[in-house]
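The structure appears right after this line, and notes come after that.
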(Lines of atoms letter the chains of each structure in order from A; the text may use other names.)
(Lines give C-alpha, C1' and ligand atoms only; values in the text may rest on other atoms or scores of the structure.)
Protein backbone atom coordinates (compact mmCIF):
# COMPACT_ATOMS: atom_id res chain seq x y z
CA UNK A 375 0.00 0.00 0.00
CA UNK A 376 2.90 2.24 0.61
CA UNK A 377 3.86 2.13 -3.08
CA UNK A 378 0.40 3.31 -4.13
CA UNK A 379 0.57 6.17 -1.67
CA UNK A 380 3.93 7.31 -3.07
CA UNK A 381 2.66 7.05 -6.65
CA UNK A 382 -0.47 8.99 -5.72
CA UNK A 383 1.56 11.72 -4.03
CA UNK A 384 3.89 11.96 -7.07
CA UNK A 385 0.89 12.00 -9.40
CA UNK A 386 -0.80 14.78 -7.42
CA UNK A 387 2.46 16.73 -7.27
CA UNK A 388 2.86 16.47 -11.05
CA UNK A 389 -0.77 17.42 -11.56
CA UNK A 390 -0.32 20.46 -9.32
CA UNK A 391 2.82 21.44 -11.24
CA UNK A 392 0.97 21.13 -14.57
CA UNK A 393 -1.94 23.22 -13.28
CA UNK A 394 0.42 25.94 -12.04
CA UNK A 395 2.18 25.95 -15.43
CA UNK A 396 -1.13 26.13 -17.32
CA UNK A 397 -2.24 29.06 -15.18
CA UNK A 398 1.10 30.81 -15.84
CA UNK A 399 0.85 30.18 -19.60
CA UNK A 400 -2.74 31.48 -19.71
CA UNK A 401 -1.81 34.60 -17.73
CA UNK A 402 1.21 35.29 -19.97
CA UNK A 403 -0.86 34.65 -23.09
CA UNK A 404 -3.56 37.06 -21.90
CA UNK A 405 -0.90 39.69 -21.16
CA UNK A 406 0.66 39.16 -24.59
CA UNK A 407 -2.73 39.46 -26.31
CA UNK A 408 -3.44 42.65 -24.36
CA UNK A 409 -0.11 44.13 -25.52
CA UNK A 410 -0.92 43.13 -29.11
CA UNK A 411 -4.37 44.77 -28.87
CA UNK A 412 -2.79 47.95 -27.51
CA UNK A 413 -0.16 47.94 -30.26
CA UNK A 414 -2.85 47.33 -32.90
CA UNK A 415 -4.98 50.18 -31.54
CA UNK A 416 -1.94 52.48 -31.52
CA UNK A 417 -1.10 51.49 -35.10
CA UNK A 418 -4.68 52.15 -36.19
CA UNK A 419 -4.60 55.59 -34.53
CA UNK A 420 -1.32 56.33 -36.33
CA UNK A 421 -2.86 55.34 -39.67
CA UNK A 422 -5.91 57.55 -39.06
CA UNK A 423 -3.67 60.47 -38.08
CA UNK A 424 -1.44 59.93 -41.12
CA UNK A 425 -4.46 59.84 -43.44
CA UNK A 426 -5.83 63.03 -41.89
CA UNK A 427 -2.44 64.73 -42.32
CA UNK A 428 -2.24 63.55 -45.94
CA UNK A 429 -5.75 64.86 -46.62
CA UNK A 430 -4.85 68.19 -45.01
CA UNK A 431 -1.67 68.46 -47.08
CA UNK A 432 -3.49 67.48 -50.28
CA UNK A 433 -6.14 70.10 -49.61
CA UNK A 434 -3.45 72.77 -49.31
CA UNK A 435 -2.07 71.99 -52.78
CA UNK A 436 -3.46 73.98 -55.69
CA UNK A 437 -5.64 72.23 -58.23
CA UNK A 438 -4.30 71.40 -61.66
CA UNK A 439 -5.91 71.86 -65.03
CA UNK A 440 -5.56 68.70 -67.11
CA UNK A 441 -6.13 68.92 -70.86
CA UNK A 442 -6.50 65.77 -72.92
CA UNK A 443 -6.26 66.06 -76.67
CA UNK A 444 -7.45 63.07 -78.72
CA UNK A 445 -5.55 62.73 -81.98
CA UNK A 446 -7.00 61.42 -85.22
CA UNK A 447 -6.15 57.84 -86.11
CA UNK A 448 -3.95 58.80 -89.04
CA UNK A 449 -1.82 61.12 -86.90
CA UNK A 450 1.33 59.49 -85.56
CA UNK A 451 2.03 59.91 -81.85
CA UNK A 452 4.26 62.98 -81.53
CA UNK A 453 7.44 62.87 -79.51
CA UNK A 454 7.56 64.91 -76.32
CA UNK A 455 9.56 67.90 -77.69
CA UNK A 456 7.23 68.19 -80.68
CA UNK A 457 4.18 67.96 -78.42
CA UNK A 458 5.63 70.68 -76.20
CA UNK A 459 6.26 72.96 -79.18
CA UNK A 460 2.70 72.45 -80.42
CA UNK A 461 1.33 73.00 -76.90
CA UNK A 462 3.12 76.33 -76.32
CA UNK A 463 0.43 78.54 -77.91
CA UNK A 464 -2.27 76.67 -76.03
CA UNK A 465 -0.44 77.01 -72.71
CA UNK A 466 0.21 80.71 -73.29
CA UNK A 467 -3.44 81.29 -74.22
CA UNK A 468 -4.76 79.47 -71.14
CA UNK A 469 -2.20 81.24 -68.96
CA UNK A 470 -3.39 84.60 -70.28
CA UNK A 471 -7.01 83.62 -69.59
CA UNK A 472 -6.06 82.64 -66.02
CA UNK A 473 -4.30 85.98 -65.58
CA UNK A 474 -7.42 87.77 -66.83
CA UNK A 475 -9.33 86.01 -64.03
CA UNK A 476 -6.93 87.52 -61.49
CA UNK A 477 -4.29 84.80 -61.21
CA UNK A 478 -0.60 84.71 -61.94
CA UNK A 479 -0.88 82.46 -64.98
CA UNK A 480 -0.38 78.76 -65.59
CA UNK A 481 2.76 76.66 -65.91
CA UNK A 482 3.04 73.39 -67.83
CA UNK A 483 4.04 70.91 -65.12
CA UNK A 484 3.55 67.61 -66.94
CA UNK A 485 3.04 66.32 -70.44
CA UNK A 486 2.28 62.76 -71.40
CA UNK A 487 2.25 61.55 -74.96
CA UNK A 488 0.54 58.29 -75.83
CA UNK A 489 -0.60 56.80 -79.09
CA UNK A 490 -3.74 58.69 -79.99
CA UNK A 491 -3.62 61.31 -77.24
CA UNK A 492 -1.63 64.02 -75.53
CA UNK A 493 -2.23 64.92 -71.88
CA UNK A 494 -1.07 68.30 -70.57
CA UNK A 495 -1.10 69.24 -66.88
CA UNK A 496 -1.06 72.94 -66.06
CA UNK A 497 -0.57 74.32 -62.54
CA UNK A 498 -1.45 77.83 -61.39
CA UNK A 499 1.39 80.12 -60.35
CA UNK A 500 -0.73 81.97 -57.77
CA UNK A 501 -2.38 79.56 -55.30
CA UNK A 502 -4.76 82.04 -53.70
CA UNK A 503 -8.17 81.51 -55.31
CA UNK A 504 -6.68 79.05 -57.80
CA UNK A 505 -9.41 76.43 -57.34
CA UNK A 506 -12.14 78.73 -58.60
CA UNK A 507 -10.06 80.13 -61.48
CA UNK A 508 -9.00 76.67 -62.67
CA UNK A 509 -12.60 75.46 -62.43
CA UNK A 510 -13.74 78.43 -64.53
CA UNK A 511 -11.05 77.73 -67.13
CA UNK A 512 -12.05 74.07 -67.38
CA UNK A 513 -15.73 74.96 -67.73
CA UNK A 514 -14.95 77.57 -70.37
CA UNK A 515 -12.69 75.15 -72.25
CA UNK A 516 -15.32 72.40 -72.26
CA UNK A 517 -18.26 74.73 -73.06
CA UNK A 518 -16.77 76.80 -75.87
CA UNK A 519 -16.75 75.60 -79.42
CA UNK A 520 -13.13 76.15 -80.29
CA UNK A 521 -10.99 75.65 -83.33
CA UNK A 522 -8.93 72.52 -82.76
CA UNK A 523 -5.47 72.21 -84.25
CA UNK A 524 -5.07 69.94 -87.27
CA UNK A 525 -4.96 66.28 -86.29
CA UNK A 526 -6.87 66.82 -83.03
CA UNK A 527 -10.39 65.38 -83.10
CA UNK A 528 -11.49 66.20 -79.56
CA UNK A 529 -10.26 67.91 -76.44
CA UNK A 530 -11.50 68.19 -72.87
CA UNK A 531 -10.34 69.77 -69.65
CA UNK A 532 -10.69 68.59 -66.06
CA UNK A 533 -9.75 70.00 -62.67
CA UNK A 534 -7.64 67.61 -60.64
CA UNK A 535 -6.43 68.06 -57.09
CA UNK A 536 -2.64 68.08 -57.13
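Numbering (my numbering), first residue to last: 375 to 536. Glycine is no exception: its CB is placed at the ideal position from the N, C-alpha and C atoms.
Legend entry - Test item: CB-CB of residue 428 and residue 465 under 8 Å: Here residue 428 is not near residue 465, since their CB atoms are 8 Å or more apart.
Legend entry - Residue closest to residue 488, alpha-carbon to alpha-carbon, out of 436, 446 and 426: 446
Inset, instruction - Determine which residues share a DSSP beta bridge with residue 359 and list them. - result: Any property of residue 359 remains undetermined from this structure, which presents the chain solely from 375 to 536.
Inset, instruction - Taking residue 435 as part of the beta strand (DSSP E), name the residues at either end of that continuous run. - result: That residue, residue 435, is in no beta strand (DSSP E); it is neither H nor E in DSSP.
Legend entry - Given 8 Å, three or more beta-carbon pairs between the stretch 507–516 and the stretch 475–490: Using a C-beta cut-off of 8 Å, the stretch 507–516 makes contact with the stretch 475–490, since at least three inter-stretch Cβ pairs fall below that distance.
Inset, instruction - Assign residue 511 to buried or exposed, taking buried as 16 or more other Cβ atoms, counted over all protein chains shown, within 10 Å of its Cβ. - result: buried
Inset, instruction - Identify the continuous alpha helix (DSSP H) that holds residue 528 and give its terminal residues. - result: Premise fails: residue 528 lies in the beta strand (DSSP E), 526–535, not in any alpha helix (DSSP H).
Inset, instruction - For residue 438, count neighbouring C-beta atoms within 10 Å of its own C-beta (all shown protein chains included) and say buried if the count is 16 or more, exposed if not. - result: buried
Legend entry - Inter-residue spacing [alpha-carbon to alpha-carbon] between residue 401 and residue 377: 36 Å
Legend entry - Nearest-angstrom Cα separation, counted from residue 393 out to residue 410: 25 Å
Inset, instruction - Name the residue from 462, 492 and 490 whose alpha carbon lies nearest to the alpha carbon of residue 617. - result: There is simply no residue 617 to check, as the chain begins at 375 and stops at 536 in what is shown.
Inset, instruction - Kindly list the residues whose CB is nearer than 6 Å to the CB of residue 515, restricted to its own chain and excluding five residues on each side of it in sequence; keep chain order. - result: 531
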